[in-house]
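Just so we're aligned, residue 9 is where the sequence shown starts under the working numbering, counting upward by one.
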Amino acid sequence: MVLPLKLDGKYEKGHVYHPRRLMGRFKAQILSGTLLLTLLAFFISRHWIHKSPAVYYPKQIDWSGLPVKGALVVLARENEVHDIRGTMIDIEDRLHTKHKYPWVILGDQPYSPRFQALVSSMAPGRVYFGQTQTWHEPSYIDIKKVEETMSQMANEGIYRGESLSWRKMARYNVGYIADHPLLQQAEYYWKVQPRARYLCDIKEDPFVMMKSQSKKLAYAIAMVEDGRTIPSLWTHVKEFIEANPDITLPSSSTILPWMLNDEGTFNRKHIWNNFMIISLDFMRSKEYRAFFEHLEHTGGFFYERWSDAPVQTFAAALFLKRDEVHFMQDFGYSYSVGLQCPADSLVGAELQCICDPTDSFREYIHIAP
9 MVLPLKLDGK
19 YEKGHVYHPR
29 RLMGRFKAQI
39 LSGTLLLTLL
49 AFFISRHWIH
59 KSPAVYYPKQ
69 IDWSGLPVKG
79 ALVVLARENE
89 VHDIRGTMID
99 IEDRLHTKHK
109 YPWVILGDQP
119 YSPRFQALVS
129 SMAPGRVYFG
139 QTQTWHEPSY
149 IDIKKVEETM
159 SQMANEGIYR
169 GESLSWRKMA
179 RYNVGYIADH
189 PLLQQAEYYW
199 KVQPRARYLC
209 DIKEDPFVMM
219 KSQSKKLAYA
229 IAMVEDGRTI
239 PSLWTHVKEF
249 IEANPDITLP
259 SSSTILPWML
269 NDEGTFNRKH
279 IWNNFMIISL
289 DFMRSKEYRA
299 FFEHLEHTGG
309 FFYERWSDAP
319 VQTFAAALFL
329 KRDEVHFMQD
339 FGYSYSVGLQ
349 CPADSLVGAE
359 LQCICDPTDS
369 FREYIHIAP
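Set out below in structure tokens:
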């Protein structure tokens, strides 16, 4: 038997309430309070976070006041937020130019308000966020075959050999980033890698230098690729050269000889493009697009594990003159196993470098003026 409950005070004196009825009133009050808090949180997120000029996803970049339409571009995941911030601090502190170039942060998933706020605070008013397009593998790719390759490469200990997302990233960097809506009007993009360090002051505006000297690609480090990741790449490049002799430059005027052994085989040398500044007009050119589409349809980005670096180096070797490729000899830069420090100690002192030239990875860098 349930006894009625007698309440005084707020309720009518002497009125008797059944406990179930009383609990219903309490639940209604709790639900109404929860609803109020939910609406308040929604209002704050809509009008305080998402509508903040530094965080809002804009449709176009404001290029006004810039001598060159150049952007610093980061392709990153949500969990790399502090890696991005650290690299941004380096560049913002080291880049001595009155021109405040925009930052473009791209990911395959929408960034959270927290991520946007933290990254935007590094360069207030100049950070633009966007989502990648054409990220997933084409419909003709046999994903089971890809999974078999990834499993085999994982067993062999190949760097990123097990990663599907890494393959998507490499393909996107080579073929699709130049078409992102935020970069439609951009002339150059500076590829920024999360966790990379910039070790010297940058006194010359790199974008102005690139445009004034008609440079199309700038780099700091060159490497040799793991041959297990690109077994068929050179074969497909040769197929393209043979099929398109009218759009490729004579090899004597390009960096292609640097990439080949004496017998004409690929020596796996390439520009390490985790730092590069590249002309987006070059990446949008019909020659570059034809080359990418040829490689895209082989499936090598997925069935093997082609990195964007050797593919873009081949593109430069086929379509750019040697003097359009520029070595940033006064840059101080490090990422993973690679480091570049100015060879001239006087230059290093002037640029307040925090690196030792003897640690530089110099074996393959001298490929262009």
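Ideal Cβ placement from N, Cα and C applies to all residues, glycine included.
{"Asked": "Bridge partner(s) assigned by DSSP for Ser287", "Found": "Tyr196"}
{"Asked": "When Pro118, Arg85, Ile113 are compared against Met130, the one with the closest alpha-carbon", "Found": "Ile113"}
{"Asked": "Selection from Arg203, Glu86, Glu145 that minimises the alpha carbon distance to Pro121", "Found": "Glu86"}
{"Asked": "Distance between Arg205 and Leu354 (C-alpha atoms, nearest Å)", "Found": "21 Å"}
{"Asked": "Continuous beta strand (DSSP E) stretch holding Gly450: start and end", "Found": "Residue 450 falls outside the range modelled here, since the chain spans only 9 to 377, and no answer is possible."}
{"Asked": "Sequence-distant residues of its chain with Cβ nearer than 6 Å to Tyr184 (five each side left out)", "Found": "Thr142"}
{"Asked": "Cβ-heavy atom distance, Gln192 to the ligand NAP, below 7 Å", "Found": "Questions concerning the ligand NAP fall outside what the structure shown contains, since it holds no ligand whatsoever."}
{"Asked": "Contact check, Gly308 vs Arg276, beta carbons under 8 Å", "Found": "no"}
{"Asked": "Straight-line gap, His107 to Thr306 (C-alpha atoms, nearest Å)", "Found": "42 Å"}
{"Asked": "Proximity of Asp213 and Gln360 at Cβ, strictly below 8 Å", "Found": "no"}
{"Asked": "Spatial distance of Ile99 from Ser171 (CA atoms)", "Found": "29 Å"}
{"Asked": "Cβ contact check for the segment 159–178 and the segment 191–203: 3 or more pairs under 8 Å", "Found": "no"}
{"Asked": "DSSP state of Pro27 mapped onto helix, strand, coil", "Found": "Residue confidence for Pro27 is low, a pLDDT of 45 falling below 50, so the modelled location carries little weight; the figure read from the coordinates is stated next. If DSSP states are grouped into helix, strand and coil, Pro27 belongs with the helices."}
{"Asked": "Boundaries (first-last residue) of the beta strand (DSSP E) holding Trp111", "Found": "111–115"}
{"Asked": "Minimum C-alpha distance to Asp254 - residue among Phe299, Val345, Pro146", "Found": "Phe299"}
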